[in-house]
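Student:
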Amino acid sequence: MAQPRAAIWAAEADDMDDDLQDMSLGNYGQNGHYDDTLFQQPQIDEATLMAMQQHMAQQAAFAQIPDVVKGFIVHFHQAVLDNNLPEITVAYESGWNKYTEKFYARTEWPEAEIIAPLVNDDPIFLILYRELYYRHVYSRLQPNVDDRFHSYENSCELFNYLLNSEGPVQLELPEQWLWDIIDEFIYQFQVFCTWRSKPKSKTEDELGMLGEGGPVWSSYSVLNVLYSLIQKSKINEYITAHQAGKTPEEIAEIVGEYGARPLYRHLGYFSIIGLLRVHVLLGDFTLALKVMENVELNQKSPYTRVTACTVATYYYVGFCYIMLRRYPDAIRTFVSILNWIMRMRQYHTRSYQYDQISKTADRMYALFAICNALSPSRLDDNIANISKERYGEQFAKMARGQEDAIPAFKELFLYACPKFINANAPPYDDPNALNAMLAPPSPDPASPEFGESLTDPAQRHLSLLLSDVIAHTPVPTLRSFLKLYTSLGAKKLANFLDADEEEMVQQLMVMKQASRSVTHVSGGKGLLDGQTASTSDLNFVIDENMVHIAESTVGRRYAGWFIKNTERTQKLYDDLKSQPLPPAPKGGTVSSAPAAAAFTEAKPVRSGPPKVAWGGVKAA
Amino acid sequence: MATSWVAPPTRTELIEDLVSGVDRYNPSNVGILEDYLYHQIRSQEYDCLANLAVLKLYQFNPDLYNPDVVINILIKALTASPLPDFNLCISLLDERPINSNLDEPDPLPSLLPTLKHLSDLLYRCRFPAFWEIYQSDELEGLRDNYTVECAGFEDAVREVAIRAVKATFTRISADRLASYLDLSGSELAAFVEKKGWKMEANVIEIPPNPDNQIEATVVQENIKLAQLTKVIAHGASM
Chain A
1 MAQPRAAIWA
11 AEADDMDDDL
21 QDMSLGNYGQ
31 NGHYDDTLFQ
41 QPQIDEATLM
51 AMQQHMAQQA
61 AFAQIPDVVK
71 GFIVHFHQAV
81 LDNNLPEITV
91 AYESGWNKYT
101 EKFYARTEWP
111 EAEIIAPLVN
121 DDPIFLILYR
131 ELYYRHVYSR
141 LQPNVDDRFH
151 SYENSCELFN
161 YLLNSEGPVQ
171 LELPEQWLWD
181 IIDEFIYQFQ
191 VFCTWRSKPK
201 SKTEDELGML
211 GEGGPVWSSY
221 SVLNVLYSLI
231 QKSKINEYIT
241 AHQAGKTPEE
251 IAEIVGEYGA
261 RPLYRHLGYF
271 SIIGLLRVHV
281 LLGDFTLALK
291 VMENVELNQK
301 SPYTRVTACT
311 VATYYYVGFC
321 YIMLRRYPDA
331 IRTFVSILNW
341 IMRMRQYHTR
351 SYQYDQISKT
361 ADRMYALFAI
371 CNALSPSRLD
381 DNIANISKER
391 YGEQFAKMAR
401 GQEDAIPAFK
411 ELFLYACPKF
421 INANAPPYDD
431 PNALNAMLAP
441 PSPDPASPEF
451 GESLTDPAQR
461 HLSLLLSDVI
471 AHTPVPTLRS
481 FLKLYTSLGA
491 KKLANFLDAD
501 EEEMVQQLMV
511 MKQASRSVTH
521 VSGGKGLLDG
531 QTASTSDLNF
541 VIDENMVHIA
551 ESTVGRRYAG
561 WFIKNTERTQ
571 KLYDDLKSQP
581 LPPAPKGGTV
591 SSAPAAAAFT
601 EAKPVRSGPP
611 KVAWGGVKAA
Chain B
1001 MATSWVAPPT
1011 RTELIEDLVS
1021 GVDRYNPSNV
1031 GILEDYLYHQ
1041 IRSQEYDCLA
1051 NLAVLKLYQF
1061 NPDLYNPDVV
1071 INILIKALTA
1081 SPLPDFNLCI
1091 SLLDERPINS
1101 NLDEPDPLPS
1111 LLPTLKHLSD
1121 LLYRCRFPAF
1131 WEIYQSDELE
1141 GLRDNYTVEC
1151 AGFEDAVREV
1161 AIRAVKATFT
1171 RISADRLASY
1181 LDLSGSELAA
1191 FVEKKGWKME
1201 ANVIEIPPNP
1211 DNQIEATVVQ
1221 ENIKLAQLTK
1231 VIAHGASM
């Protein structure tokens, strides 16, 4: 009954990783470049154009819009009206970026009201246009307070249209855009919260708007949108039915009129990932994993087509595992996505999202280094080596566990952690409270980080990680001593370490604790579930005052080597066999050993006992 | 996290709906969850996710904030060590405006460093130090106002120590165990007997369990049939 725990570090191939290999590729920006010639003759009749031009004649702003951009907007609008996904994709992924580079690299796109006549004041297209307009402002320019409030209003209009129209709307948009809508919504929420949390640098106007802002960008309103999309699309029911192997008809029945439409299904799925992210930003790591309970990362998911979504999913899941002190699970999560990113890299270098993806990957290498220092693992040498290449200096400090480990952990954590936010605004609606906050009555002079920790939630989460780091500090040294012995008196070990014996015994208990971790088991339900497993190759036990040590090693992998080489040889042999025989040498010398002749490149072979080493082939 | 952590068997259906559904965000449900916390405190039950749901409501609705509830949640989470429950609770405690509209001064800011320190000591297995500080005069307020109400708090701390001892020791001296458990003489003997452990000549034998059995192993590769399909298929086609 007293079986040693299964050691996860010795686990064989990882199923998560295997499944990821089969996932489909993203195909951003590979559908060719946006082509100007498409718009040489915009498809609007002359009369409309005339009327429009007249009406807008006084609008200098309109006149300033380059004709190609006007053509682009008209064409884009038409593609949306036709629900023509390929055309929308080209306009969205290629055209928009192309004209941004060309005309709007440092200024806003024309406001929606100005371009409205081009699209017959189509309210839906204008909402979508504003979505792109504000995204451009946020990513390229500095949003002002009006932009922040209006982008929120525009998002609300969009979600209202989707959720509160009569029945499902007929709109169709590419998956990538749908992901970007959710992603941007949360990004703007996060940026707003960070901006809001700094009352010091606000103008009177901004303070006034924040005081009356009410529910603008409140946590409740953001969660409400995400939960509504999840419920409307019945995405959880869809995933469960899909996993249960139900037929398409049964699934259609289950998910209803909304869930049957790709637009809602995609938005529903992306909203789950969005929730994961929002909960992490708010510091609720268990709830973050709980909302993912139907999404199995080791399933072949159709959503891996949207690479940015897959990368974000693994990043946030891995981070949650770190905060749950489940380092082996975090490592497993990062390893599988980092390998995947590496394999995909060749297809992504031209994608406009490549930068973002490689930045996230870089942060995951940093998080991987943190996990590997706290819970050494041999799961994947390749990823471990890349991580050491990039963060070698920090990793060496962290793994040694001496005093300079703390700054190294701090540096990597603050670099790689999500942009945490406070759920609540400073009391903008109460000027007295706000003043009290701006000028704390008696800031504790003894703690220089007073002001910083008051506003920055990242510091709070960092301190939690560091509490674990500090607890682990003695482990590497103890480990290096224990590795040298099979049994050793506690007193002697304490002498080596120049430590108090009782204190050292307590540290050994910490070390034991650190070598056990809750880990996800295959087939487990949801990401939170798991079982305790051993995470270290070095095991020990204390018999009163004697420490006994046992080490596990991984045997050499002969069989795998032989299988690989057998297959290689077979292929070589087959290739040779299928080669045509060389032409008979001139003079008609009869070769008595065709096989030998093939190998000796048709050198005239004299009859008689073959002298080449290959002669054995004939005999066989 | 074991299944019983994600969903303790003592959790009622009503609570399960609140923990797993969207109703968890409804501020009017905070009373139900607070009552459930006090039920846990009286009946030595524990439900981390339900308690985190209370903290979540406080996070979103600062008006609901009740420092006594937060302190009790943290006290319950202390004894879950080495699971990260205490840290998970701290993660949800946003900084709040200084002048909360409370009738009495907020006891949390002054108690929080103490509780964090106690959590640290338990996580670092410094059990004798934990008892010393916990019993000190400075912590009289915490004991008299909070932990005394939390049924079986000290025994729950002892269970934290027992978990560490069981994983690390095959035999342990009575003196050492006594210092970890803050028990002595007949109390210790009774405790050991209740566990069904044997004590001989002041040494206590810890029954074998998966964590205190060690064995040097060589992990051998495990070839599965699937890996050989190519080789076999080739052989068959010859």
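From first to last, the protein sequence lines stand for chains A and B. Going by my numbering, the first residue of the first sequence is number 1, and it counts up by one from there. Going by my numbering, the first residue of the second sequence is number 1001, and it counts up by one from there. Glycine included, C-beta positions come from ideal geometry on N, C-alpha and C. None of the values given here were measured: they were computed from a predicted structure.
Identify every residue that forms a DSSP beta bridge with B:Lys1198.
Tutor: Numbered from its first residue, the second sequence carries residue 1198 of chain B at position 198. In the DSSP output, where bridge partners are listed per residue, B:Lys1198 has B:Glu1205.
Student: According to the neighbour-count rule (16 or more other Cβ atoms, all chains shown, within 10 Å of its Cβ), is A:Leu572 buried or exposed?
Tutor: Locating residue 572 of chain A in the first sequence gives position 572, counting from the first residue. Per the 10 Å Cβ criterion, exposed.
Student: Does the CB of B:Ala1226 have a neighbour CB from chain A at under 8 Å?
Tutor: Stepping through the second sequence from its first residue, residue 1226 of chain B is reached at position 226. Not an interface residue.
Student: Decide if the segment 178-196 of chain A is in contact with the segment 404-417 of chain A; the criterion is three or more beta carbon pairs, one per stretch, under 8 Å apart.
Tutor: Touching, no.
Student: Taking 8 Å as the threshold (beta carbon to beta carbon), is B:Leu1018 in contact with chain A?
Tutor: The residue given as residue 1018 of chain B occupies position 18 in the second sequence. For B:Leu1018, the answer is no, since every Cβ of chain A falls outside 8 Å of its Cβ.
Student: In chain order, which continuous runs of the alpha helix (DSSP H) of length 4 or greater are located wholly inside the segment 263-351 of chain A?
Tutor: If we require 4 residues or more, the alpha helix (DSSP H) runs fully inside the segment 263-351 of chain A come out as 285-290, 307-323, 327-348.
Student: Can you list the residues of chain B that A:Val317 reaches, using a CB-CB cut of under 8 Å?
Tutor: Counted from its first residue, the first sequence places residue 317 of chain A at position 317. Those do not exist, as A:Val317 stays about 14 Å from chain B at its closest Cβ, beyond 8 Å.
Student: Using a beta-carbon distance cut-off of less than 8 Å, what residues from the segment 1054-1066 of chain B approach chain A?
Tutor: Flagged, chain order: Lys1056, Gln1059, Phe1060, Pro1062.
Student: Is A:Gly245 buried or exposed, if buried means 16 or more other CB atoms sit within 10 Å of its CB?
Tutor: Taking the first sequence and counting its residues from 1, the one referred to as residue 245 of chain A is at position 245. So A:Gly245 counts as exposed.
Student: On the DSSP letters alone, give me the boundaries of the beta strand (DSSP E) that B:Asp1040 sits inside.
Tutor: Position 40 of the second sequence holds residue 1040 of chain B. Sequence check: residue 1040 of chain B is Gln here, not Asp. Here B:Gln1040 belongs to no beta strand (DSSP E); instead the alpha helix (DSSP H) covers 1030-1043.
Student: So, do the segment 411-430 of chain A and the segment 279-286 of chain A have three or more beta carbon pairs nearer to each other than 8 Å?
Tutor: The segment 411-430 of chain A is in contact with the segment 279-286 of chain A.
Student: Suppose the cutoff is 8 Å on Cβ atoms and the five residues either side in sequence are ignored; what does the same chain contact list for A:Leu621 look like?
Tutor: This structure does not reach residue 621 of chain A, given that chain A is present from 1 up to 620, and the question cannot be answered.
Student: Quick one: residues in its chain with C-beta nearer than 6 Å to the C-beta of B:Pro1128, no 5 flanking neighbours on either side, listed in chain order?
Tutor: What you label residue 1128 of chain B is simply residue 128 of the second sequence in a count that begins at 1. For B:Pro1128, where only same-chain residues beyond five positions count, the Cβ hits under 6 Å are Ser1179.
Student: Does the contact criterion of 3 or more C-beta pairs under 8 Å hold for the segment 188-195 of chain A versus the segment 230-244 of chain A?
Tutor: Segments in contact, no.
Student: Does A:Gly245 come out as helix, strand or coil in the three-state DSSP assignment?
Tutor: Against the first sequence, residue 245 of chain A aligns to sequence position 245. A:Gly245: coil per DSSP, three-state reduction.
Student: Would you list, in chain order, the members of the segment 1061-1095 of chain B that have their beta-carbon closer than 7 Å to a beta-carbon of chain A?
Tutor: Within the segment 1061-1095 of chain B, the residues whose Cβ lies closer than 7 Å to some Cβ of chain A are Pro1062, Pro1082, Pro1084, Asn1087, Leu1088, Ile1090, Ser1091, Leu1092, Asp1094, Glu1095, listed in chain order.
Student: Should A:Met509 be flagged as near chain B, meaning a C-beta pair shorter than 8 Å?
Tutor: Counted from its first residue, the first sequence places residue 509 of chain A at position 509. A:Met509 counts as touching chain B.
Student: Around the Cβ of A:Arg325, are there at least 16 other Cβ atoms within 10 angstroms (buried) or fewer (exposed)?
Tutor: The residue given as residue 325 of chain A occupies position 325 in the first sequence. Buried, by the Cβ-count rule.
Student: Which residues does DSSP pair with A:Phe540 in a beta bridge?
Tutor: Position 540 of the first sequence holds residue 540 of chain A. Note: A:Phe540 sits in a beta bridge opposite A:Ile549.
Student: Candidates A:Tyr428, A:Pro474, A:Gln78: which alpha carbon is nearest A:Glu399's?
Tutor: What you label residue 399 of chain A is simply residue 399 of the first sequence in a count that begins at 1. The amino acid at residue 399 of chain A is misidentified as Glu; the sequence shows Ala. Cα-wise, what sits closest to A:Ala399 is A:Pro474.
Student: What residues from chain B crowd round A:Ile563, counting only those whose CB sits closer than 7 Å?
Tutor: Sequence index remark: in the first sequence, residue 563 of chain A carries index 563 (1-based). Chain B residues near A:Ile563: Gln1227, Leu1228, Val1231.
Student: Anything in chain A within Cβ reach of B:Ser1004, meaning under 7 Å, just list it in chain order.
Tutor: Mapped onto the second sequence, residue 1004 of chain B falls at position 4. Result: empty, since nearest Cβ-Cβ is about 11 Å, beyond 7 Å.
Student: Taking all protein chains shown into account, decide if B:Asn1212 is buried (16 or more other Cβ within 10 angstroms of its Cβ) or exposed.
Tutor: Stepping through the second sequence from its first residue, residue 1212 of chain B is reached at position 212. By the neighbour-count rule (16 or more Cβ atoms within 10 Å), B:Asn1212 is buried.
Student: For B:Ile1071, count the other beta carbons within 10 Å of its own beta carbon; 16 or more makes it buried, fewer makes it exposed. Which is it?
Tutor: Your numbering for residue 1071 of chain B matches position 71 in the second sequence. By the neighbour-count rule (16 or more Cβ atoms within 10 Å), B:Ile1071 is buried.
Student: Can you give the Cα-Cα distance for B:Gln1227 and B:Asp1047, rounded to whole angstroms?
Tutor: For this step, residue 1227 of chain B is matched to residue 227 along the second sequence. For this step, residue 1047 of chain B is matched to residue 47 along the second sequence. The straight-line gap from Cα to Cα measures roughly 45 Å.
Student: Whole angstroms is fine: what's the gap from A:Val74's alpha carbon to A:Val80's?
Tutor: Taking the first sequence and counting its residues from 1, the one referred to as residue 74 of chain A is at position 74. Taking the first sequence and counting its residues from 1, the one referred to as residue 80 of chain A is at position 80. Distance between the alpha carbons of A:Val74 and A:Val80: 10 Å.
Student: Would you say the beta carbon of A:Glu108 is closer than 7 Å to some non-hydrogen atom of the ligand COA?
Tutor: This structure simply doesn't include the ligand COA, nor any ligand for that matter.
Student: Would a check of beta-carbon distances place B:Thr1114 closer than 8 Å to chain A?
Tutor: Taking the second sequence and counting its residues from 1, the one referred to as residue 1114 of chain B is at position 114. It does not: the Cβ of B:Thr1114 has no partner Cβ on chain A nearer than 8 Å.
Student: What is the DSSP secondary structure of A:Gln353, counted as helix, strand or coil?
Tutor: By one-based count along the first sequence, residue 353 of chain A stands at place 353. Note: A:Gln353 maps to coil in three-state DSSP.
Student: Just to confirm, are B:Leu1014 and B:Ala1053 a CB contact at a threshold of 8 Å?
Tutor: For the purposes of this step, residue 1014 of chain B is taken as residue 14 along the second sequence, with counting starting at 1. For the purposes of this step, residue 1053 of chain B is taken as residue 53 along the second sequence, with counting starting at 1. No.
Student: Return the Cβ separation of B:Tyr1025 and B:Phe1060 in integer angstroms, given the expectation that the two are a contact with Cβ distance under 8 Å.
Tutor: Position 25 of the second sequence, counted from the start, is the residue given in the question as residue 1025 of chain B. Position 60 of the second sequence, counted from the start, is the residue given in the question as residue 1060 of chain B. That belief holds up - the Cβ atoms of B:Tyr1025 and B:Phe1060 are roughly 7 Å apart, short of 8 Å.
Student: Measure the alpha-carbon distance for A:Gln40 versus A:Leu226 and round it to whole angstroms.
Tutor: For the purposes of this step, residue 40 of chain A is taken as residue 40 along the first sequence, with counting starting at 1. For the purposes of this step, residue 226 of chain A is taken as residue 226 along the first sequence, with counting starting at 1. Unreliable placement is indicated for A:Gln40, whose pLDDT of 47 sits below 50; the coordinate value is still reported in the next sentence. Between A:Gln40 and A:Leu226, the C-alpha separation is close to 41 Å.
Student: How would you list, in chain order, the residues of chain B whose beta-carbon sits under 9 Å from the beta-carbon of A:Ile542?
Tutor: By one-based count along the first sequence, residue 542 of chain A stands at place 542. Result: Thr1168, Phe1169, Thr1170, Arg1171, Ile1172, Asn1212.
Student: With DSSP run on the structure shown, which of helix, strand or coil describes B:Arg1176?
Tutor: The sequence position of residue 1176 of chain B within the second sequence is 176, counting from 1. Three-state DSSP puts B:Arg1176 in a helix.
Student: Under a three-way DSSP split, which group does A:Leu488 fall into?
Tutor: Residue mapping note: residue 488 of chain A aligns to position 488 of the first sequence, counting from 1. Three-state DSSP puts A:Leu488 in a strand.
Student: Going along chain A, which residues have a C-beta under 7 Å from B:Ala1216?
Tutor: By one-based count along the second sequence, residue 1216 of chain B stands at place 216. The contacting residues are Ala550, Glu551, Ser552.
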